[in-house]
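The numbering of the sequence shown is the working numbering, which starts it at 148 and goes up by one.
The C-beta atom is built at its ideal place from N, Cα and C for all residues, glycine as well.
Here is the structure we will look at.
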Amino acid sequence: ATQMLDQTIYAMIRERRRRAAGQERSTEAMDLLTMLMTARDEETGATMSDEQLRHEIALLIFAGHDTTANALTWTFYLLSQHPVAEARLHAELDTVLQGRTPTIADLPQLPYTRMVIEESLRLYPPAWTIGRQSIAADCVGGYQLPAQANLIIPIYVIHRDPRWWPDPDRFDPERFSPEASAGRHKFAYLPFGGGPRLCIGSSFAMMEAQLVLATIAQRYRLRLCAGHVVQPKPVVMLCPSDGLPMMPERRR
């Protein structure tokens with residue numbers, strides 16, 4: 148399977164380099180592969196090798212699978228506990244899609260669907276903590292940091308800080324409306340990290356999550372199985388400690 152994946156990725160890279168060398172005009176938009184191939188190291192000005200490109204693409208494919216699945220797990224759980232938000236989501240999907248399968252072109256017309264995903268990622272970020280290392284001694288927030296210090300950024304805690312999120316434990320997708328988001332600190336919300344090390348697959352992950360949510364939610368309601376206690380487990384990702392058994396109910 149790995150060999151087949153490598154063959155496919157390297158063939159795409161070779162074809163894209165051939166077009167660039169011949170100055171052929173691509174019919175594709177500025178996709179991720181094109182952006183990766185044109186990116187340059189800030190210090191050396193060098194572009195990525197074929198091997199580096201392969202690693203970045205494979206990381207996007209595989210690292211994004213579990214995290215997006217985990218995010219959707221929490222999203223369906225939250226919707227099952229908040230029928231008003233669920234009803235509004237269904238109304239948006241019914242109005243825009245009218246029963247057809249959603250596509251990327253529909254996403255701009257599904258703002259509430261996106262806000263539901265964003266609020267789910269706030270309450271239960273799959274990457275609940277991330278690490279950084281200081282490259283030089285510094286003072287941050289009154290704390291003296293030596294060079295090469297290992298730092299932990301508690302995303303779960305930041306996402307529930309009442310300075311940025313009133314009533315922080317409440318599920319409220321409207322927090323992510325343009326009006327509510329205006330003026331919010333840019334690092335108050337970090338489901339994909341932040342700054343120059345922002346997750347390379349953040350845009351892809353959001354599109355994927357919205358399409359999956361829209362596809363399922365326009366046809367089904369998911370209900371938590373009776374008696375199941377949901378408890379977050381902070382391991383590599385923030386996941387339900389004993390899974391999240393849910394029963395689908397077809398919408399009428």
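- Around the CB of Y290, fewer than 16 other CB atoms lie within 10 Å, so the residue is classed as exposed.
- If one requires a minimum length of 4 residues, the alpha helix (DSSP H) runs lying completely within the stretch 263-344 are 302-305, 325-328, in chain order.
- Between D241 and Q365 the beta-carbon gap is near 7 Å, inside 8 Å, which marks them as a contact.
- Restricting attention to H237, A335, T149, the CA atom closest to the CA of R397 is found in H237.
- By a beta-carbon distance limit of 8 Å, L337 does not contact I299. Their separation comes to about 13 Å.
- The three-state secondary structure of S388, taken from DSSP, is strand.
- Put simply, of H332, G288, V287, P293 the residue whose alpha carbon is nearest the alpha carbon of P309 is H332.
- Approximately 16 Å separates the beta-carbon atoms of P273 and M354; this is outside 8 Å, ruling out the contact.
- Secondary structure remark: continuous alpha helix (DSSP H) runs of at least 4 residues inside the stretch 175-215, in chain order: 179-185.
- Apart from the 5 residues on each side of it in sequence, G288 has no Cβ closer than 6 Å to any other Cβ in its chain.
- The beta carbon of T362 is closer than 7 Å to those of T248, P249 in its chain, skipping five residues each way along the sequence.
- Per DSSP, the continuous beta strand (DSSP E) segment holding L371 begins and ends at 367-371.
- By the Cβ neighbour-count rule, L345 is exposed, with fewer than 16 other Cβ atoms within 10 Å of its own.
- Per DSSP, the unbroken alpha helix (DSSP H) holding P230 starts and ends at 230-244.
- Judged by pairs of C-beta atoms under 8 Å, the stretch 187-202 touches the stretch 148-164, as three or more such pairs exist.
- For R166, the enclosing alpha helix (DSSP H) starts and ends at 149-168.
- Taking 8 Å as the cut-off, the Cβ atoms of P395 and L369 count as close.
- Counting the other Cβ atoms within 10 Å of the Cβ of E326 gives fewer than 16, which makes it exposed.
- Distance from V263 to L360 at the Cβ level is roughly 7 Å; contact confirmed, criterion being Cβ atoms closer than 8 Å.
- Cα atoms of A284 and L206: separation of roughly 32 Å, rounded to the nearest angstrom.
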